[in-house]
Amino acid sequence: MTIRLHPTSQAVMATLCGVVALSSGASLATAETIIISCKFENANIKLTGNESLAATYEGDESGTVTIKASTFEFSIPAKKQNRAADGAPLIEAWEKTSSAMPDLASIESCIAKTIDPAETQDKGAYDYAATQCTRDTPPGQAVLPIMASVKILLLPVDGEVAPVVEISRYYEGKTAAPDGRTRLDTFPGACEITGK
Numbered sequence: 284m285t286i287r288l289h290p291t292s293q294a295v296m297a298t299l300c301g302v303v304a305l306s307s308g309a310s311l312a313t314a315e316t317i318i319i320s321c322k323f324e325n326a327n328i329k330l331t332g333n334e335s336l337a338a339t340y341e342g343d344e345s346g347t348v349t350i351k352a353s354t355f356e357f358s359i360p361a362k363k364q365n366r367a368a369d370g371a372p373l374i375e376a377w378e379k380t381s382s383a384m385p386d387l388a389s390i391e392s393c394i395a396k397t398i399d400p401a402e403t404q405d406k407g408a409y410d411y412a413a414t415q416c417t418r419d420t421p422p423g424q425a426v427l428p429i430m431a432s433v434k435i436l437l438l439p440v441d442g443e444v445a446p447v448v449e450i451s452r453y454y455e456g457k458t459a460a461p462d463g464r465t466r467l468d469t470f471p472g473a474c475e476i477t478g479k
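Heads up: the sequence shown begins at 284 in this note's numbering, then just goes up one per residue.
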């Protein structure tokens with residue numbers, strides 16, 4: 284049995300197919316992959332000097348950010364928008380995931396030995412000490428549930444794009460930190476966009 288469409292119906296169908304194709308094409312066109320390579324996993328902490336870090340964003344206004352470092356890696360949902368202050372693209376993510384983490388007891392033992400006793404209830408001082416203690420604590424092989432935060436600012440500088448990457452990983456459960464949440468910060472250094 285052959286179904287014949289009225290010429291008007293044929294025109295409508297052709298128009299609809301064109302709209303769908305254009306919509307699909309537009310969706311594909313706006314999706315992108317941004318690859319950022321950093322020579323140093325954490326510029327604030329000199330480890331062996333061989334660590335590096337890669338951050339990859341896949342998507343458009345929403346997508347996925349993947350962090351791959353020498354000591355940990357994870358992927359979480361992210362959003363991309365323009366920063367209100369200057370219009371620079373900003374990728375942000377905050378989500379539960381899992382990652383290799385240093386042993387929490389070892390980190391807290393290191394903090395207790397290195398922090399000024401008067402600053403044990405200072406959240407900023409405690410977080411700084413925790414991050415510094417990753418230098419003297421084995422990176423850890425156990426993959427633990429964590430809360431992860433990622434911020435990537437694509438800052439225009441002299442006609443180029445200078446990516447600024449900030450990563451925070453929170454141990455799950457109550458810890459000895461002043462607010463009960465021990466956090467490890469990572470600020471990669473010497474970062475550049477190597478793929479788009």
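All C-beta atoms, glycine included, are put in the ideal place defined by N, C-alpha and C.
Note that this is a predicted model, so its numbers are computed, not measured.
Secondary structure of residue i, DSSP reduced to three states
i	result
Thr-349	strand
Ile-476	strand
Pro-471	coil
Pro-446	strand
Thr-465	coil
Glu-334	coil
Thr-339	strand
Glu-344	coil
Alpha-carbon to alpha-carbon, residue j and residue i
i	j	result
Thr-403	Leu-336	31 Å
Ile-394	Glu-356	24 Å
Glu-455	Arg-466	10 Å
Glu-391	Ala-352	23 Å
Ser-382	Leu-438	28 Å
Leu-427	Val-433	18 Å
Thr-469	Ile-450	5 Å
Cys-474	Thr-347	19 Å
Thr-316	Thr-339	7 Å
Ala-401	Ser-389	21 Å
Ala-413	Gly-472	19 Å
Lys-396	Arg-464	19 Å
Gly-423	Leu-436	29 Å
Glu-443	Thr-458	42 Å
8 Å Cβ cutoff met for residue i and residue j
i	j	result
Thr-420	Pro-385	yes
Gln-415	Ile-319	no
Tyr-453	Ile-429	yes
Ala-431	Glu-378	yes
Range covered by the beta strand (DSSP E) that runs through residue i
i	result
Lys-457	Looking at the DSSP string, Lys-457 is not in any beta strand (DSSP E), and its letter there is neither H nor E.
Phe-323	315-323
Ala-326	First-last for Ala-326: undefined, no H or E at that position.
Identify every run of the beta strand (DSSP E) within the segment 358-445, keeping only runs that are complete inside it and at least 3 residues long; order them along the chain. 372-383, 426-440
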